[in-house]
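Before any comments, here is the structure.
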Amino acid sequence: MAKRVMDSSAGDGSQIEIELKDPRLAAFLAWLIPGAGHLYQGRTGKGLLFMICILGTFFYGMYIGSGRVVFASTADFFPKRIAVQGGASVRGRWLEFVTDRWQYVCQLGVGLPAMPALVQRSRIRNHKAPLFGSDLMRPPYNAIYLPPPAETDLYFKSIDQTDANNTVVHPDEFSKWNYDYGENFDIGTVFTVIAGLLNLLVVFDAYSGPLVIAPHESSAQTSGNKKE
Amino acid sequence: MFELLLANGDPHNWLLAVMSIARLWYALPLIVSVSLVCAATRHEEMNAILSHAARFALWIFVFMGIILGVILFMSWLQ
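Line by line, the protein sequences are chains A and B. What the first sequence shows, in this note's numbering, is residues 1 to 228, in sequence order. What the second sequence shows, in this note's numbering, is residues 1001 to 1078, in sequence order.
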């Protein structure tokens, strides 16, 4: 079991010893469910704090964005060669999965709560119905590459927000979501992205203990990871 | 924002201004969450975490206030 020794906050020169039980497993658990790694290590207070703050931020963002803001790109993870006219072949853009929806890479930092988006991505790419018949975390449809199952009007048209008699036609469903949910779509995205990025700090904390930026000279000799 | 509040008392402008101020409330849960998590990754004891989080939240609040002030000043210059 790894241990970490650091100065106590009491300011009396005393030190506290943190037992970092199985750092690798704890880091994995911390990524999978925010706070779970700390609970596994017996650091209950911090575990609950991380769980409440990060999951609260993530699900509040989901609520603000009506469940639409967390979705994965339908691009290939690894671009394949595609045959084109004349017998030549071209490869899709590298990292298109990331550049197409980089926000999801950040959101994936919260682990399990963002995973259904990958399942939805896989189902939509294979032209299957969304998971449990729900549109939660489903990638947006596109008239050319990813056509909706039926009723295209439902996916690409909105009612004009200033005049209910008019209809707004969108090029794809992503544009419709931006139009329909307005600023809430962006705010929800920001909340969920920040939740994912914060959990990366938590993963490091589960692996190696609190980050001490500038340890005192006297304690620097005794600080650091020790193996029993 | 403030120009809207001061603009000829039109109720529509007042509504827009109030809406833009209400949007700032979304920052509050983010500041609380970010400051608590960042503080907790630097300390192990709850008292130290809470005091660090309070200082950090104040720092973020002041920083955001400065940015807001700069933006308002620049819009006033236009």
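Even for Gly, the Cβ is constructed at its ideal location relative to N, Cα and C. A quick note: this is a predicted structure, and the numbers were derived from the prediction, not measured.
query                                                                                                                         : result
Within chain A, partners of B/R1042 - CB distance below 8 angstroms                                                           : P210, L211, V212 and I213
8 angstroms Cβ cutoff, A/C53 in contact with chain B                                                                          : yes
Simplified DSSP assignment, three categories, for A/E17                                                                       : strand
Interface flag, B/M1064 vs chain A, CB-CB below 8 angstroms                                                                   : no
Below-8 angstroms beta-carbon distance, A/Y60 vs any chain B residue                                                          : yes
Local Cβ density within 10 Å of A/D160, reported as buried at 16 or more and exposed below that                               : exposed
The alpha helix (DSSP H) enclosing A/S175, as first and last residue numbers                                                  : E173 to Y181
Close Cβ partners of A/R121 (< 7 angstroms) along its chain, the five nearest in sequence each way excluded                   : A72, T74 and P139
Cβ neighbour criterion (16 or more within 10 Å) applied to A/K227                                                             : With a pLDDT of 44 at A/K227, under the threshold of 50, the predicted position of this residue should be treated as unreliable, though the coordinate-derived value follows. It counts as exposed.
Cβ-based neighbour list, B/A1039, same chain, cut-off 7 angstroms, excluding 5 preceding and 5 following                      : I1049, H1052, A1053 and F1056
Residues bridged to A/K128 (per DSSP)                                                                                         : Its beta-bridge partners do not exist; DSSP assigns none.
A/A143 - containing alpha helix (DSSP H), residue span                                                                        : A/A143 -> no alpha helix (DSSP H), and no H or E assigned at all.
Chain A contact for B/L1030 (CB, 8 angstroms cutoff)                                                                          : yes
Touch test, the segment 12-20 of chain A against the segment 186-202 of chain A, Cβ-Cβ under 8 angstroms, three pairs minimum : no
Euclidean distance between Cα positions of A/F59 and A/T189                                                                   : 11 angstroms
Contacts of B/L1036 in chain A (Cβ-Cβ under 7 angstroms)                                                                      : L49 and C53
Whole-angstrom distance between A/R125 and A/L146, CA atom to CA atom                                                         : 7 angstroms
Proximal residues to A/A143 (C-beta, below 8 angstroms), its chain only, five neighbours per side dropped                     : T152, F156, P171 and D172
Outcome for A/R93 when other beta-carbon atoms lying within 10 angstroms are tallied against a minimum of 16                  : exposed
Segments assigned alpha helix (DSSP H), at least 4 residues, entirely inside the segment 37-62 of chain A                     : 44-50
The segment 16-34 of chain A in contact with the segment 1020-1029 of chain B per 3-pair CB rule at 8 angstroms               : no
Contacts of B/M1046 in chain A (Cβ-Cβ under 7 angstroms)                                                                      : G45
Neighbourhood of B/V1036 by C-beta, 6 angstroms cutoff - its chain only, sequence neighbours within 5 removed                 : The identity of residue 1036 of chain B in the sequence shown is Leu, whereas the question assumes Val. So the list reads A1053, once near-sequence residues are dropped.
A/D135 versus A/C106 - alpha carbon distance                                                                                  : 21 angstroms
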